[in-house]
Amino acid sequence: MQSFRTEIENPIVEKDIIDLANKIDMFHNGKIDEEKFRSLRLARGVYGQRQEGVQMIRIKLPYGRVRSNQLRRICAVSDEYSRGRLHITTRQDIQIHYVDLNRTPELWAELEKDEVTLREACGNVVRNVTASETAGFDVNEPFDVQPYAHAIFEEFLRNPICQEMGRKFKVSFSSTDEDTGLSYLHDIGFIAKLENGVRGFKVMVAGGLGSQPHLAEVLYEFLPADQIIPTMNAILRVFDRFGERKSRAKARMKFLMAKIGLEAFKELVEEQRIAVPYTSVPVDVDAFPEPVVAEVGEIPSVEIKDLKAFAQWKETNLIPQKQAGFVAIGVKVLLGDFYTDKARLLADLVDKYAAGEIRLTLRQNIVIPFVKEELVEVMYAELEKLGFVQAGYNKAVDITACPGTDTCNLGIASSTGIAEELEKVIAAEFPQYLNNEDVVIKISGCMNACGQHNMAHIGFQGMTIRTKDKKVAPALQVLLGGANLGNGEARFSDKVVKIPSRRGPEALRRILTDFDANGNGKSFEAYYAEKGERYFYDFLTDLSEAESLPAEYFIDWGTNEEYVKAIGVGECAGVVIDLIETLFLESDEKIANAKESFENGVYSDALYHAYSSQINSAKAILLAENKKTNTQADIVAGFDKEFVETGLINIEEGFAKQVYAINNNAPSKQFAIDYIASAKAFLASVRAFRAQNS
Numbered sequence: 176m177q178s179f180r181t182e183i184e185n186p187i188v189e190k191d192i193i194d195l196a197n198k199i200d201m202f203h204n205g206k207i208d209e210e211k212f213r214s215l216r217l218a219r220g221v222y223g224q225r226q227e228g229v230q231m232i233r234i235k236l237p238y239g240r241v242r243s244n245q246l247r248r249i250c251a252v253s254d255e256y257s258r259g260r261l262h263i264t265t266r267q268d269i270q271i272h273y274v275d276l277n278r279t280p281e282l283w284a285e286l287e288k289d290e291v292t293l294r295e296a297c298g299n300v301v302r303n304v305t306a307s308e309t310a311g312f313d314v315n316e317p318f319d320v321q322p323y324a325h326a327i328f329e330e331f332l333r334n335p336i337c338q339e340m341g342r343k344f345k346v347s348f349s350s351t352d353e354d355t356g357l358s359y360l361h362d363i364g365f366i367a368k369l370e371n372g373v374r375g376f377k378v379m380v381a382g383g384l385g386s387q388p389h390l391a392e393v394l395y396e397f398l399p400a401d402q403i404i405p406t407m408n409a410i411l412r413v414f415d416r417f418g419e420r421k422s423r424a425k426a427r428m429k430f431l432m433a434k435i436g437l438e439a440f441k442e443l444v445e446e447q448r449i450a451v452p453y454t455s456v457p458v459d460v461d462a463f464p465e466p467v468v469a470e471v472g473e474i475p476s477v478e479i480k481d482l483k484a485f486a487q488w489k490e491t492n493l494i495p496q497k498q499a500g501f502v503a504i505g506v507k508v509l510l511g512d513f514y515t516d517k518a519r520l521l522a523d524l525v526d527k528y529a530a531g532e533i534r535l536t537l538r539q540n541i542v543i544p545f546v547k548e549e550l551v552e553v554m555y556a557e558l559e560k561l562g563f564v565q566a567g568y569n570k571a572v573d574i575t576a577c578p579g580t581d582t583c584n585l586g587i588a589s590s591t592g593i594a595e596e597l598e599k600v601i602a603a604e605f606p607q608y609l610n611n612e613d614v615v616i617k618i619s620g621c622m623n624a625c626g627q628h629n630m631a632h633i634g635f636q637g638m639t640i641r642t643k644d645k646k647v648a649p650a651l652q653v654l655l656g657g658a659n660l661g662n663g664e665a666r667f668s669d670k671v672v673k674i675p676s677r678r679g680p681e682a683l684r685r686i687l688t689d690f691d692a693n694g695n696g697k698s699f700e701a702y703y704a705e706k707g708e709r710y711f712y713d714f715l716t717d718l719s720e721a722e723s724l725p726a727e728y729f730i731d732w733g734t735n736e737e738y739v740k741a742i743g744v745g746e747c748a749g750v751v752i753d754l755i756e757t758l759f760l761e762s763d764e765k766i767a768n769a770k771e772s773f774e775n776g777v778y779s780d781a782l783y784h785a786y787s788s789q790i791n792s793a794k795a796i797l798l799a800e801n802k803k804t805n806t807q808a809d810i811v812a813g814f815d816k817e818f819v820e821t822g823l824i825n826i827e828e829g830f831a832k833q834v835y836a837i838n839n840n841a842p843s844k845q846f847a848i849d850y851i852a853s854a855k856a857f858l859a860s861v862r863a864f865r866a867q868n869s
């Protein structure tokens, strides 16, 4: 093991970082299976990049709120370990690229000096908790959702019930019925409600995008705020227990919901509640830090040279606040990319003239809240020096795009390249859309929908198209008609036509021209609903012709090289080792974690570690016999069938009764003692069986 030390004061965080360093060392020395190592590092924000030998690092920033000191720390880390570029994601994270795997522990340690984490930014865990970018100052909000989003973030970070689920799990908070947090596409979406003076949330569950988008369903019309943490705990247990694990394509919660239905899902949630260690968790709203607005003495005198541009910017980029005398400023960040030199100056600016923080948005932009109205001209002048005064914040010209083939392993076509071209078309030919917030345009480089293309009014998905002579060109699936209808209701877009990527600008040109001519003042979603999918197919279908494409059609946007369809270079191959023994090693670690939690008096965590150890051990022995391990429920039933009922392994009451005792007993000290002992004995028995039969 490599010797690695940190200067982190928090012993839990320090242990986490040292563990990553040790696991990297074990991986390089062939002591950890590649798949298990991938799972471990992903849960620590370390993601394999398209380019071989380097990593993308995802920095987890709950609800997009970033203090100025944190932004400076991220800048320092990016300069030292990466290339000085920061990328804002559609989940309010920041990503940096081209990082050496071996330097990730020290990078993480540097970030933690300002309470910035990588933990669970990627992987099959609860991902970054997102929220409306205007939370805390929205003129229509019944209350500030930030304290509740933060409570969820803290409760489920490192929580044993959600460390190794079948797939990722996404949570959002919306401040108002406008649903700007997009609850309808999340595994759990909370929409703020106030009933008879009681704070609570409408709870949406099992939404998702990807190749098979699914609208979230209403679990509760109103759930009191003190119930959101216990309820989410129960939901996560259901997903962990019954969610698919073998086929990643079917492992999101939306597929579990489709399989069993809402009523059965509710029943499973209620069954889990006895094992949840709390029935009510009030959130201490008063403990949430209030914004500290900078005191500005004499307001600097500034000269605005282009008054027309300034007026346009004020019209499109200022956001009213519920706090009298303040506005927020929307900063349009092209494709979410900005650099550390500008970011540092931005941190200084918000310290000097705002509240020392920025918000990262779901559309890859930045919001500066708590700017005094009398400082707007000063802020404009300072932001202009940084190149941050482009008009059209959150308007049609503000296109969202994932990284696509720039850096992503899964990218099929360039998202960023076509996005830049489409923005040029709007700016040059449709300047009226600079003020239009009705048309939302989004682009993804593949079907996974990181750019959220299938919830946009106009969406594009990266694909390929093949000519008769079997040449492959980059292509775009054009999708139309998606819409956020508010209060958890929405419509996903229809796939209309697939065209060569080089014809993307012409497709957009035709759509906007027709909308101008035939929209008759309607919203885009109403216009699309009235015309219907066939109408758009008819006037776009000629663009799909691919019989005789010019040579430039085989070069994707943003590159000069001929297109080659390739899902990026795979991650490090590692050494082929015994996966079964790796699983047993993990079971040992889980029992050790159970004992540690028990000693700390956290019996619910101890129980779940012990539960996970037993599931892991059973999975190992089933895999050794090539048996089904699709879900945890399959593992439990399969182990009883293959090993207990056949007498190969003796468990007096059966494995199901032993392991599911966690569902039927409150998390007491004595039960934890007995349950951990059972897990330890179970691991010993399956290890002995493996030794005798291998």
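Read in order, the letters of the sequence shown are residues 176 to 869 in the numbering used here.
Where is the CB? At the ideal position from N, CA and C, for every residue including glycine.
Straight through space, the alpha carbons of N623 and F212 are spaced by roughly 23 angstroms.
Taking every protein chain shown into account, the CB of P606 has fewer than 16 other CB atoms within 10 angstroms, so this residue is exposed. Excluding sequence positions up to five before and after R862, its CB lies within less than 7 angstroms of the CB of F759, all in the same chain and listed in chain order. The straight-line gap separating the alpha-carbon atoms of E681 and V647 is approximately 20 angstroms. Annotation: Q652 to R641 spans about 14 angstroms, alpha carbon to alpha carbon.
Contact between Y528 and V553 holds, with the beta-carbon distance rounding to 6 angstroms and staying under 8 angstroms. With a threshold of 16 other beta carbon atoms within 10 Å, R678 meets it and is buried.
The Cβ atoms of N492 and Y568 lie closer than 7 angstroms to each other.
The beta carbon of V467 sits closer than 7 angstroms to the beta carbons of A530, G531 from its chain, once the five residues preceding and following it are set aside; these are given in chain order. Taking 7 angstroms as the cut-off, the beta carbon of I234 is found no closer than this to the beta carbon of S253. Taken through DSSP and simplified to helix, strand or coil, R677 comes out as helix. For L369, the enclosing beta strand (DSSP E) stretches over residues 363 to 370. For the pair S589 and S619, the Cα-to-Cα distance works out to about 8 angstroms.
M407 is the residue among M407, L217, E720 whose C-alpha sits nearest the C-alpha of Y395. In the three-state reduction of the DSSP assignment, I183 falls in the coil class, being assigned neither a helical nor a strand state. Non-local beta-carbon contacts of L797 in its own chain, meaning distances under 8 angstroms to residues more than five positions away in sequence, involve K803, T804, I810, G813, F814, E817 in chain order. Around the CB of R416, 16 or more other CB atoms lie within 10 Å, so the residue is classed as buried. Taking a C-beta distance under 7 angstroms as the contact criterion, V274 and Q245 do not qualify as a contact pair.
Relative to the Cα of A847, the nearest Cα in the group V834, R423, L858 belongs to V834. The continuous alpha helix (DSSP H) containing T515 extends over residues 515 to 528. The three-state secondary structure of E470, taken from DSSP, is coil. Distance from the CA atom of G592 to the CA atom of Y783, rounded to whole angstroms, is 46 angstroms.
Secondary structure at G592: helix, using DSSP grouped into helix, strand and coil. By the Cβ-count criterion, P842 is buried, with 16 or more other Cβ atoms from all chains shown falling within 10 Å of its own Cβ. P280 sits in a helix when the DSSP states are folded into three classes. For the segment 313 to 365, the full-length alpha helix (DSSP H) segments reaching 4 residues or more read 321 to 331 along the chain.
The alpha-carbon separation between I183 and P388 amounts to approximately 42 angstroms.
One alpha carbon belongs to E442, the other to V346, and they sit about 21 angstroms apart. Proximity of the segment 306 to 322 to the segment 446 to 456 falls short of the contact definition, fewer than three beta-carbon pairs being nearer than 8 angstroms. Scanning its chain for C-beta atoms nearer than 6 angstroms, with the 5 sequence neighbours on each side dropped, one finds no residue around V777. In the DSSP annotation of this structure, the continuous segment of the alpha helix (DSSP H) that includes H784 starts and ends at 778 to 799. Judged by DSSP secondary structure, F818 falls outside any beta strand (DSSP E); it is assigned neither H nor E. Burial is judged here by how many other beta carbons sit within 10 angstroms of a residue's own beta carbon; L482 has fewer than 16 and is exposed.
Rounded to whole angstroms, the separation of the alpha carbons of R342 and V572 is 34 angstroms.
Remark: fewer than three beta-carbon pairs, one from each stretch, lie closer than 8 angstroms, so the segment 594 to 608 and the segment 538 to 545 are not flagged as touching.
Counting only runs that start and end inside the segment 246 to 281, there is no alpha helix (DSSP H) element of at least 4 residues.
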